[in-house]
Amino acid sequence: MEYKFGEIEEKWKKFWAEKDIYKVTEDHNKPKYYVLDMFPYPSGAGLHVGHPLGYVASDIFARYKRLKGFNVLHPMGFDAFGLPAEQYAIETGTHPALTTEKAITRYREQYDKIGFNYDWSRAVKTCDPSYYKWTQWIFLKLFGSWYNRELNRAESISTLVTFFETKGCREWAQHDKNEHETFSAEQWKAFTHEQKENILMNYRLAYLSYAEVNWCAALGTVLANDEIKDGKSERGGHPVERKKMRQWFLRITEYSDRLLEGLERIDWSESMKEMQRNWIGRSEGALVDFETAAGGKIKVFTTRPDTIFGATFLVVAPEHDLIESLITDGQRKEIETYIAYVKSRTDVERQQEKKVTGAFTGSYAVNPVNGKEVPVWIAEYVLAGYGTGAIMAVPADDERDKKFAEKFGLPIVEIIDKSMHPGATIEDKMGQMINSDFLNGQEVKDAIKVILDWIEQKGIGQRKVNYKQRDAGFSRQRYWGEPFPIRYEIVGEPDGNFVGEGESNDIPIPLDEKLLPLILPEVTSYKPTGDGKAPLASNAAWVKNGYETDTMPGYAASSWYFLRYMDANNPDEFAAKDKLNYWQNVDLYIGGTEHAVGHLLYSRLWHKFLFDLGYVETDEPFKKLVNQGMIQGVSKFVYRSANKPNVFVSVDRMNDELADDLKDLGALTAIHVDVRFVEDDILNVEKFRKWRPEYESAEFVLSKDGKYHCGSAVEKMSKRYHNVVNPDDVIDKVGADCFRMFEMFLGPIEQSKPWDDKGISGVYNFLRKFWRLFYSDAGDWKITDEEPTQAEYKALHKTIKKVTEDIERLAFNTCVSSFMICVNELAALNCSKKKILEPLLITLAPFAPFISEELWQALGRDTSINFASFPLADEKYLVETAHNYGVSINGKVRAQIQLPLDLTEEEVKVQVLALENVQKWTNGAAPKKFIFVKGKIINVVV
RNA sequence: GCCGAAAUGGCGGAACUGGUAGACGCGCACGACUCAAAAUCGUGUAUCGAAAGGUGUGUGGGUUCGAUUCCCACUUUCGGUACCA
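Okay, so the first sequence: first residue is 4 according to this note's numbering, each after it adds one.
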């Protein structure tokens with residue numbers, strides 16, 4: 004009987020859905036296991052073959068854990084707010100909710116087709132009010148909390164108010180960035196409502212402040228970094244500049260140390276942890292004040308206070324608060340030109356720039372250690388957001404400062420003698436201090452301590468731990484996101500009179516929890532208002548109520564969705580306590596590296612915050628994390644003539660410039676062509692002609708073989724490159740089981756690779772070969788109850804052992820190989836014995852659930868194979884008594900010898916040295932060395 | 001620029017803790033079956049060489065009896081770089 008995957012898969016897909024096979028509840032008799040996928044943004048293009056890579060892996064793992072006796076939570080949902088649907092709405096007027104809903108339906112169909120074992124009763128859609136109600140609720144908790152540095156945890160802002168009322172503002176509670184003054188309890192009580200609110204804003208974990216956005220005046224909108232190419236808007240190519248706007252932030256910097264420390268306790272790859280550590284960027288150093296001639300103080304942060312005698316100039320960020328007071332009349336023009344230039348550039352561009360740029364303010368500051376005047380410059384390489392936005396430049400020891408000094412003719416004073424340490428760099432912190440007054444002769448590491456003490460004693464600065472990480476911007480001037488549950492109060496009229504947001508001293512008032520969710524209202528236009536405000540500002544009723552018109556960013560909903568799955572339909576809580584306590588946190592999380600420092604850091608923050616408030620029992624959300632690689636697309640190109648735009652040249656003819664048929668064509672431009680029109684590299688000319696009207700009359704300069712060969716390139720799989728391969732098409736051809744196994748067979752899950760279905764027939768043949776162990780070609784059932792031979796048992800148990808080990812280390816590609824080897828062996832042994840094939844079938848079930856379920860039923864079982872038990876490998880079939888050794892002479896393999904494993908080294912030596920091939924190399928002399936590693940290798944050194 | 005990762009036959013990859021490089025699959029070649037094709041089965045397949053043997057895991061060095069694996073320096077590609085998700 005033929006293996007009819009289409010019928011089989013349709014049958015079991017229906018069966019699983021009807022019987023709710025994958026529905027899971029809290030079962031206290033079994034250990035829990037939570038396997039999570041990063042949920043997708045449902046794009047209009049549907050799933051492509053790259054998406055399921057991680058999903059198939061987690062699906063296999065979840066099924067495996069269930070067969071191993073765990074109660075497995077394996078949910079899926081949709082990250083449904085986002086820019087593409089909003090952009091589509093701007094272009095077409097279609098409500099993003101409709102676009103999104105349609106995409107979700109399609110995703111769901113595609114998921115089911117692949118046979119995933121998700122418990123869909125727990126699915127979430129982040130744009131659904133029943134979900135974002137709780138996103139808003141957590142935001143209110145963040146707004147209503149502060150970080151108690153003494154207890155090192157978040158708590159209600161009311162405890163801070165109590166402190167202020169009884170003790171005033173204490174030293175420890177000062178927020179170092181804002182450095183607002185201290186006040187007594189009496190002063191606090193005397194403050195106005197507005198003053199109090201402004202002070203509390205410096206402590207709230209969700210707070211309002213100012214930040215720069217990418218403002219595009221021509222489009223009248225704020226742009227995402229993604230929407231900017233080479234400093235211009237991607238749409239239209241208009242200029243973009245940085246503009247300050249009042250925005251919401253999350254005070255993630257209060258959690259920096261805990262986010263660092265938590266990394267020690269989780270099972271993530273070292274590289275992933277390293278990326279998070281570097282992102283947080285903790286560094287110890289000092290804040291030092293440089294007084295300016297005008298009487299101001301420029302605070303610089305330095306990790307190398309020992310080099311301060313070599314600080315020959317200061318560089319401040321072009322956005323620095325003190326800039327205005329530093330510019331002298333003579334330099335004003337130059338500075339303004341320079342600032343205009345910097346405003347047109349993104350942070351990434353500013354740091355990438357290899358050209359040294361900068362401008363002199365005209366002012367000088369005093370180096371506090373030696374009283375020398377140093378010029379103050381501005382330069383794009385100093386960013387306002389990092390440290391204090393000002394640095395002391397030490398050109399002798401810092402590459403960037405040095406280039407700057409050389410370009411602008413600024414003095415360079417050597418301060419560290421590294422002659423004893425050739426090749427040492429500044430980071431090595433080695434050498435002896437010179438030209439540094441009282442530090443002279445000291446080793447760098449000692450000098451750092453001495454100068455820090457000195458700076459603090461003299462009151463010109465203090466020790467400081469700095470973080471590269473900044474507080475997280477939480478506002479988007481967009482429509483398609485969660486509304487903030489916030490209204491703005493008119494100052495002095497706190498009772499119900501609200502104004503539209505935007506005035507700098509408006510006071511935000513949190514909405515009562517009972518009024519959640521605050522529903523995202525309709526708008527007449529999805530376009531921004533043109534003056535930088537979000538589309539909600541065009542809804543009159545919304546503005547009249549004083550509601551915030553910005554919405555939350557994409558990461559709001561995704562920072563906690565893994566908790567909602569635990570109790571997805573609860574209308575009264577984000578999740579019930581007993582359910583949170585049962586499921587705890589995610590045991591295995593699979594997703595892409597592109598989320599390394601975004602989503603994965605924010606989720607940890609939210610989880611720790613909820614932990615502080617006592618809502619969850621664990622303080623890390625994801626115990627084990629695995630990053631799957633991306634599957635790239637293979638784009639195909641045709642080459643169009645510049646002079647004759649309907650003529651296309653085959654790729655191998657492009658350099659044939661002298662040929663008659665290529666004369667006068669001019670330059671050739673590569674054009675993406677849909678990969679569905681191309682097989683191997685050959686273009687299906689008819690399909691291409693029908694693709695677009697403009698190609699109807701296309702003419703082709705063909706290759707010598709009479710065919711049109713396309714060029715190709717590996718690129719991101721994307722609609723715009725026409726290189727998207729849809730899993731549905733693959734499944735129609737070979738079935739979902741084959742598709743799943745093939746995706747795994749492509750290589751290690753962590754690795755990125757281009758999609759190429761060339762090898763898929765290998766997996767397809769495997770499945771048919773497996774099927775033929777059960778059914779003859781004529782359709783006869785071949786299974787017998789005969790007792791298997793040793794060889795058959797060995798083939799089975801070897802496979803069980805290897806597959807179990809490989810699943811545990813998530814090496815699914817080698818599992819597939821093992822299955823192939825096993826089936827090849829069983830086919831060679833002509834084995835159709837139930838005692839072998841039944842356990843093998845269960846082992847295969849996580850990988851190929853459809854065919855397994857079908858054959859399980861054929862074996863006479865009346866329950867789903869999902870409720871079987873994963874077989875254990877029996878070592879008694881795997882004992883080896885001999886090993887085929889490779890014998891190396893000086894590390895090169897020269898001979899082979901089969902030897903029993905119980906021989907001693909001396910016995911082995913005698914046999915090996917007697918080998919003809921070994922004699923040839925030793926010439927009968929005794930070897931210098933004889934290395935014997937039992938069961939591995941023999942190496943003879945001559 | 002900065003942070004992280006990857007590189008092995010014609011192709012995807014294997015080699016898990018430093019121990020016989022190329023498992024498994026694709027492709028290709030040849031053969032069996034067939035009127036023929038498909039399917040299936042079998043044999044071969046890193047490379048140079050007639051062979052002996054040499055070379056070979058991005059490049060150049062190093063450690064080691066032995067390196068795809070560890071160390072140093074580089075090249076290229078990919079991901080992130082704070083409003084794509």
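Positions of the beta carbon are idealized from the N, C-alpha and C atoms, including for glycine.
Legend entry - Paired residues, beta bridge with Phe363 - DSSP: On the first sequence, residue 363 is found 360 positions in, with the first residue counted as 1. DSSP, once it has assigned bridges, lists Trp380 as partnering Phe363.
Legend entry - Residue range of the unbroken beta strand (DSSP E) whose run includes Asn887: As a first step, residue 887 must be located in the first sequence, where it is residue number 884. Its beta strand (DSSP E) spans residues Ala885 to Ile892.
Inset, instruction - Hey, could you find the ends of the beta strand (DSSP E) Asn816 is sitting in? - result: The count along the first sequence starts at 1 and reaches residue 816 at position 813. Segment Phe815 to Ala831 is the alpha helix (DSSP H) holding Asn816; no beta strand (DSSP E) there.
Inset, instruction - Going by CA-CA distance only, name the one from Phe42, Glu12 and Pro511 that's closest to Arg567. - result: In the first sequence, counting from the first residue as 1, residue 567 sits at position 564. Selected option, being the one with the closest Cα: Phe42.
Inset, instruction - Identify whether Lys35 lies in helix, strand or coil by the three-state DSSP scheme. - result: Start at 1 with the first residue of the first sequence, and residue 35 comes out as number 32. The answer is strand: DSSP assigns Lys35 an E or B state.
Inset, instruction - Specify the secondary structure class of Val369 as computed by DSSP and reduced to three states. - result: Here residue 369 is taken as the residue at index 366 of the first sequence, counted from 1. Residue state, collapsed to three classes: strand.
Inset, instruction - Assign Thr165 to one of three DSSP states: helix, strand, or coil. - result: As a working mapping, residue 165 is identified with position 162 in the first sequence. The answer is helix: DSSP assigns Thr165 an H, G or I state.
Inset, instruction - Would you mind sorting Asn373 into buried or exposed? The rule is 16 or more other CB atoms within 10 Å of its CB. - result: Within the first sequence, the letter at position 370 stands for residue 373. When all chains shown are included, Asn373 counts as exposed.
Inset, instruction - Check whether the Cβ atoms of Tyr67 and Ile810 lie closer than 7 Å to each other. - result: Residue 67 sits at position 64 when you count from the first residue of the first sequence. Residue 810 sits at position 807 when you count from the first residue of the first sequence. Yes, they are a contact pair.
Inset, instruction - For Lys22, name the three-state secondary structure that DSSP assigns. - result: Taking the first residue of the first sequence as position 1, residue 22 is located at position 19. Coil.
Inset, instruction - In angstroms with no decimal places, state the Cα-to-Cα distance between Ala544 and Phe487. - result: Taking the first sequence and counting its residues from 1, one reaches residue 544 at position 541. Taking the first sequence and counting its residues from 1, one reaches residue 487 at position 484. Straight-line Cα distance between these residues: approximately 15 Å.
Legend entry - Simplified DSSP assignment, three categories, for Tyr206: Numbered from 1 along the first sequence, position 203 holds the residue referred to as residue 206. Here Tyr206 sits in coil by DSSP.
Inset, instruction - At 3 residues or longer, and completely inside the region 510 to 593: list those beta strand (DSSP E) runs for me, N to C. - result: 510 to 513
Inset, instruction - Rounded to whole angstroms, what's the CA-CA distance from Glu112 to Val727? Just pull it up for me. - result: Along the first sequence, read from residue 1 onward, the residue named residue 112 stands at position 109. Along the first sequence, read from residue 1 onward, the residue named residue 727 stands at position 724. Between Glu112 and Val727, the C-alpha separation is close to 18 Å.
Inset, instruction - Tell me whether the beta-carbon of Ala188 lies closer than 7 Å to the beta-carbon of Lys170. - result: The count along the first sequence starts at 1 and reaches residue 188 at position 185. The count along the first sequence starts at 1 and reaches residue 170 at position 167. A contact, by the Cβ cut-off of 7 Å.
Inset, instruction - Pick helix, strand or coil for Pro99, following the three-state DSSP scheme. - result: Position 96 of the first sequence, counted from the first residue, corresponds to residue 99. DSSP places Pro99 in helix when its eight states are reduced to three.
Legend entry - Reduced DSSP secondary structure (H/G/I, E/B, other) of Ser644: Start at 1 with the first residue of the first sequence, and residue 644 comes out as number 641. Correct three-state label for Ser644: strand.
Inset, instruction - Report the rounded CA-to-CA distance for Leu222 versus Thr552, giving the unit in angstroms. - result: Within the first sequence, residue 222 is the residue found at index 219, counting from 1. Within the first sequence, residue 552 is the residue found at index 549, counting from 1. Roughly 19 Å separates the two Cα atoms.
Legend entry - Whole-angstrom C-beta distance between Ile419 and Val447, which should lie under 8 Å: Working through the first sequence from its first residue, we reach residue 447 at position 444. Working through the first sequence from its first residue, we reach residue 419 at position 416. Confirmed, about 6 Å.
Inset, instruction - List the whole-angstrom C-beta distance separating Phe81 from Ile117, where the pair is believed to meet the contact cut-off of C-beta under 8 Å. - result: The residue labelled residue 81 in the question sits at position 78 within the first sequence. The residue labelled residue 117 in the question sits at position 114 within the first sequence. With a Cβ gap of about 16 Å, Phe81 and Ile117 do not count as contacting.
Inset, instruction - Report the residue from Glu376, Met555, Leu539 and Asp677 whose alpha carbon sits nearest the alpha carbon of Ser549. - result: Along the first sequence, one-based indexing puts residue 549 at 546. One point to set straight first is that residue 549 is Gly, not Ser, in the sequence displayed. Minimum Cα distance to Gly549 is reached at Leu539.
Inset, instruction - Would you mind giving the Cβ-Cβ distance between Thr102 and Tyr91, rounded to the nearest angstrom? I have them listed as a contact below 8 Å. - result: One-based indexing of the first sequence puts residue 102 at position 99. One-based indexing of the first sequence puts residue 91 at position 88. Correct: roughly 5 Å between the Cβ atoms.
Inset, instruction - Have a look at Met633 and Val52 and give me their C-alpha separation to the nearest angstrom. - result: Counting from one through the first sequence, the residue named residue 633 turns up at place 630. Counting from one through the first sequence, the residue named residue 52 turns up at place 49. If I take the Cα positions, the gap works out to 10 Å.
Legend entry - Which of helix, strand or coil DSSP assigns to Phe487: Stepping through the first sequence from its first residue, residue 487 is reached at position 484. In this structure, Phe487 counts as coil in the three-state DSSP scheme.
Inset, instruction - Going by CA-CA distance only, name the one from Lys461, Val345 and Phe777 that's closest to Gly863. - result: Looking up residue 863 in the first sequence gives position 860. Here the closest residue by C-alpha is Phe777.
Inset, instruction - Over the uninterrupted alpha helix (DSSP H) stretch that includes Phe316, give me the two end residues. - result: For the purposes of this step, residue 316 is taken as the residue at position 313 of the first sequence. Element bounds for Phe316: not the alpha helix (DSSP H) but the beta strand (DSSP E), Phe316 to Val319.
Legend entry - Distance between Glu883 and Leu1 (C-alpha atoms, nearest Å): Outside the displayed span of the chain (4 to 945) sits residue 1, for which this structure offers no information.
Inset, instruction - Please determine if the region 245 to 259 and the region 473 to 484 are in contact, where contact requires at least 3 C-beta pairs separated by less than 8 Å. - result: yes
Legend entry - Separation of His800 from Phe703, as counted between CA atoms: Counting from 1 along the first sequence, the entry for residue 703 is found at position 700. Counting from 1 along the first sequence, the entry for residue 800 is found at position 797. Computed Cα separation, rounded: 58 Å.
Inset, instruction - Closer than 7 Å by C-beta to Arg607: which residues in its own chain qualify, once you throw out the five before and the five after it? Chain order, please. - result: Taking the first residue of the first sequence as 1, we reach residue 607 at position 604. Excluding residues within five positions, the ones whose Cβ falls inside 7 Å are Leu262, Gly265, Glu623 and Pro624.
Inset, instruction - Kindly list the residues whose CB is nearer than 6 Å to the CB of Asp684, restricted to its own chain and excluding five residues on each side of it in sequence; keep chain order. - result: Indexing the first sequence from 1 puts residue 684 at position 681. So the list reads His712 and Cys713, once near-sequence residues are dropped.
Legend entry - Contacts around Ala297, its chain only, beta-carbon distance under 6 Å, and the 5 residues preceding and following it disregarded: Within the first sequence, the letter at position 294 stands for residue 297. Correct list, in chain order: Ser328.
Inset, instruction - Examine the Cβ distances between the region 852 to 862 and the region 803 to 820 and report whether three or more of them are shorter than 8 Å. - result: no
Inset, instruction - Return helix, strand or coil for Met4, following the three-state DSSP convention. - result: Reading the first sequence from its first residue, position 1 is the one you call residue 4. Correct three-state label for Met4: coil.
Inset, instruction - Tell me whether Arg481 is buried or exposed, calling it buried when 16 or more other Cβ atoms sit within 10 Å of its Cβ. - result: Indexing the first sequence from 1 puts residue 481 at position 478. It is buried - the Cβ of Arg481 has at least 16 other Cβ atoms within 10 Å.
Inset, instruction - Spell out a yes or no on whether the region 123 to 134 and the region 567 to 576 are touching, meaning 3 or more CB-CB pairs, one atom from each, closer than 8 Å. - result: yes
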